[in-house]
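Read top to bottom, the protein sequences are chains B and C. Just so we're aligned, residue 38 is where the first sequence starts under our numbering, counting upward by one. Just so we're aligned, residue 818 is where the second sequence starts under our numbering, counting upward by one. C-beta: ideal position from N, C-alpha, C; glycine also.
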Amino acid sequence: MMGMSGRWQALALAAVVAAVVVVPWAGTGYVRSLVVLSGLAVVAVAGLALLVGFAGQLSLAQGAFYGLGAYGFAVLAVRFGWPAPLALLGALAGVGLAGWLVGLPMLRLRGHFLALGTLAFAVIVTVLLLELGPLTGGPSGLAGVPSLRRVTIGPLALSGEIQYCYVAWALALASLWLYQRLIRSEVGLALQAMSSSEVGTAAMGIDVGRLKLSVFVAAALLGGLAGAVYASYLSFISPAAFDIMLSVQLVVMVMVGGTATFWGPLLGALVVTGLVEVLRGVVAAVLPNVRGPVEIIALGLVLGLIMVWEPGGLVARLGQWRPGPRPAEVPGG
Amino acid sequence: MQLETLLQLALSGLAMGGIYAFIAVGFVTIHAVTGFINFAQGEFAMVAALVTASLVGAGVPLALAVGVAVACATLVGVATERLAVHPVRHASPLVVLVMTVAASTALRGIALLVWGTTPYSVPAFSAGPPVALGAAVIARQDLWVLGLTAAAMVGLYLFFERTIPGTAMRACADNPMASRLMGISPGTMSLLAFGISALLAGLAGAAVAPITLATYEMGLMLGLKGFVAAVIGGLRSTPGAVLGGLFLGVLESVGAGLISSGYKDALAFSVLLAVLVFRPQGLLAGLRQRAA
């Protein structure tokens, strides 16, 4: 879609916004839950995409930050009785601090060491969520997380679920806007330079370490924000939801969508969420006796095929498509 | 805590350490020859463990079952190299890492489809009560693991030092360009490295199944722990990887005994973080020898 004209992009964006407004009213409860969860995925994926796409840093800890946000909010609200807005701020502060502390030493690592270092952090978070029983409720989870206050706009009384649809997608669109602003800014240029040569970028007078750390913390914050809203939406959380597979799934979303424009995180989150749901349904219908997350087969295959077929993600592939003449026929197109 | 208890904990940890050593040596072998990290390493062990369990359940003699299972794991390893790594071998190591993450995820899903979520038990390689060793005791299966570890290390040493393919692999690890000029195909060497690593992981999987049960999700943790062991050993040395594995096994066992078994995994990964951050050349850098 990079190649698509501004008019088509605006149309597509309008279609997305219209769908977000209409679908929650038209759909069933199941559809509404998918709308909320995919919106939150967009938020977390936008953060991760900044890190992967522009800083060239593969993090397998985004699911852990999502979990920290969820648990931070839930623990502060349920165990300590903080009012919800304060608990949200507290959770975000905690996630930001965790991101900073983890990022500080870790970002000195390169390539696969960073990937596995962040993975180690994710495992430690999962263990802590399981073991700090008095605080987190251990394996059985934490219930009674407060939800949003119900809002009435004139004659319109929004149901709790519809309200969450709108909140999730308001956050999603805001993160995508932020994403687009950032990658088109000087910061984005510096990040791109950094992913091709750190030494070269440093030689240009850019503080590579500080830049990487800021992006890492920003990514963690977006993950934590999505997690906190998730906890409030479901009102019950357990550690199993935030294991390594969540981090892997978020990476798959980034890779599937691509990182060239804000369409990447959006498409990646929607396509993968949809795919996983469809597959769950198919598996349940065809093989009713099979238990467990069989759809991870497809997650692996899709990730593999995308990396071989189009490492730039769907956005790069769609960018070659446009109404009218093929790009090859347009000089300089 | 008494000294005997500590000794017993350390002894019990050695067997798991041997398992980690097998996986760690696989990481080192693949990394030395190709420069890649194979995230799917633990899944090869999982395949072998589950195949052993199914065959033994079907009445096949244990020795034959283990042999077939290790062969299956090796095949899966070779297939992973051809299907997931070979097509992207010229891309950045990060792309290859993501490909092996994809392969590992798909393999775990396929195993779930075939075997379900039930854990399978496998009988110990030889029956009988634990063997007394001074004040401590050691289970017979643990002795098998340690014996297999030692045998595999001798076998690997002979392979790398005394055979033509082994020498070619070392050449490829030392200088890919020069070895290519000598007529050594990097593609074949990469295939061989994955085959050997999967064979070792398969042995580990079959040997660990009687200790921990076999499940579709056992591979993830085994693979990660093997990687921790390899990093402790500096990621470039086979003896380092073995020592790293044994060290990690003992550390986990003693840590679980002193603190709580729930924190076992957190302990292993805290060690990984500490090593990566403070001593990336590995804890055993002083002992480093030539890469496998």
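{"Query": "Whole alpha helix (DSSP H) elements within the stretch 240 to 288 of chain B, 4-residue minimum", "Result": "245 to 271"}
{"Query": "Near-chain C residues of the stretch 326 to 339 of chain B (beta-carbon distance less than 9 Å), N- to C-terminal order", "Result": "Asn326, Val327, Arg328, Gly329, Pro330, Val331, Glu332, Ile333, Ile334, Ala335, Leu336, Gly337, Leu338, Val339"}
{"Query": "Residue(s) in a DSSP beta bridge with Ala1031 of chain C", "Result": "C:Tyr937"}
{"Query": "Touch test, the stretch 219 to 230 of chain B against the stretch 157 to 164 of chain B, Cβ-Cβ under 8 Å, three pairs minimum", "Result": "no"}
{"Query": "Reduced DSSP category for Val331 of chain B - H, G, I as helix; E, B as strand; rest coil", "Result": "coil"}
{"Query": "Minimum C-alpha distance to Gly311 of chain B - residue among B:Ala55, B:Val54, B:Val72, B:Ala49", "Result": "B:Val72"}
{"Query": "Residues of the stretch 917 to 940 of chain C whose Cβ lies closer than 8 Å to any Cβ of chain B, in chain order", "Result": "Val918, Ala919, Ala920, Ser921, Thr922, Ala923, Leu924, Arg925, Gly926, Ile927, Leu929, Leu930, Gly933, Thr934"}
{"Query": "Tyr67 of chain B, buried or exposed, once every other Cβ within 10 Å from all chains shown has been counted against 16", "Result": "exposed"}
{"Query": "Members of the stretch 898 to 914 of chain C that neighbour chain B once the beta carbon cut-off is set at 9 Å", "Result": "Leu900, Ala901, Pro904, Val905, Ala908, Ser909, Pro910, Leu911, Val912, Val913, Leu914"}
{"Query": "Selection from C:Ser943, C:Ala888, C:Leu1030 that minimises the alpha carbon distance to Phe1011 of chain C", "Result": "C:Ala888"}
{"Query": "Proximal chain A residues relative to Gly1079 of chain C, where beta-carbon distance stays under 8 Å", "Result": "Absent from the structure: chain A. Protein chains present are B and C."}
{"Query": "Euclidean distance between Cα positions of Glu944 of chain C and Arg957 of chain C", "Result": "It should be pointed out that residue 944 of chain C corresponds to Ala in this sequence rather than to Glu. One C-alpha to the other measures close to 7 Å."}
{"Query": "Beta-carbon contacts of Glu332 of chain B that lie in its chain and below 7 Å, excluding the five residues immediately before and after", "Result": "Val313, Leu316, Arg317, Val320"}
{"Query": "Cβ-Cβ separation, Gly109 of chain B to Gly131 of chain B (assumed contact under 8 Å), whole Å", "Result": "5 Å"}
{"Query": "Given 8 Å, three or more beta-carbon pairs between the stretch 830 to 842 of chain C and the stretch 898 to 905 of chain C", "Result": "no"}
{"Query": "CA-to-CA distance, Glu168 of chain B to Pro176 of chain B, given in whole angstroms", "Result": "8 Å"}
{"Query": "Helix, strand or coil at Ile854 of chain C [DSSP, three-state]", "Result": "coil"}
{"Query": "Under 8 Å from the C-beta of Val1083 of chain C: neighbouring residues of chain B", "Result": "According to the sequence as given, residue 1083 of chain C is Ala; it is not Val. Going along chain B in sequence order, the residues near Ala1083 of chain C (Cβ under 8 Å) are Val160, Ile161, Val164, Leu165, Glu168."}
{"Query": "Residue span of the alpha helix (DSSP H) that contains Ile220 of chain B, given as start and end", "Result": "197 to 220"}
{"Query": "Beta-carbon neighbours of Ala180 of chain B, restricted to chain C and to distances below 9 Å", "Result": "Going along chain C, no residue has its Cβ under 9 Å from Ala180 of chain B, so there is no contact; the nearest lies around 21 Å."}
{"Query": "Endpoints, alpha helix (DSSP H) assigned at Ile981 of chain C", "Result": "981 to 991"}
{"Query": "Gln99 of chain B versus Ala866 of chain C: straight-line alpha-carbon distance, rounded", "Result": "31 Å"}
{"Query": "Partners in chain B for Leu1093 of chain C, counting only beta-carbon separations shorter than 7 Å", "Result": "Leu146, Phe150, Gly154"}
{"Query": "Proximal residues of chain B, C-beta to C-beta of Phe1044 of chain C below 8 Å", "Result": "Leu153"}
{"Query": "Ile955 of chain C - partner residues in DSSP beta bridges", "Result": "C:Val948"}
{"Query": "First and last residue of the uninterrupted alpha helix (DSSP H) at Leu141 of chain B", "Result": "121 to 143"}
{"Query": "Nearest-angstrom Cβ-Cβ length linking Val858 of chain C and Gly1040 of chain C, presumed shorter than 8 Å", "Result": "In the sequence on display, residue 858 of chain C carries Gln and not Val. Right, the Cβ-Cβ distance comes to about 5 Å (below 8 Å), so this counts as a contact."}
{"Query": "Straight-line gap, Gly369 of chain B to Val224 of chain B (C-alpha atoms, nearest Å)", "Result": "With a pLDDT of 38 at Gly369 of chain B, under the threshold of 50, the modelled position of this residue cannot be trusted; read the value that follows with caution. Distance between the alpha carbons of Gly369 of chain B and Val224 of chain B: 28 Å."}
{"Query": "Top-ranked residue by Cα proximity to Val391 of chain B, from C:Leu900, C:Glu821, C:Leu929, C:Met833", "Result": "No statement about residue 391 of chain B is possible, as the shown extent of chain B runs from 38 to 370 and does not include it."}
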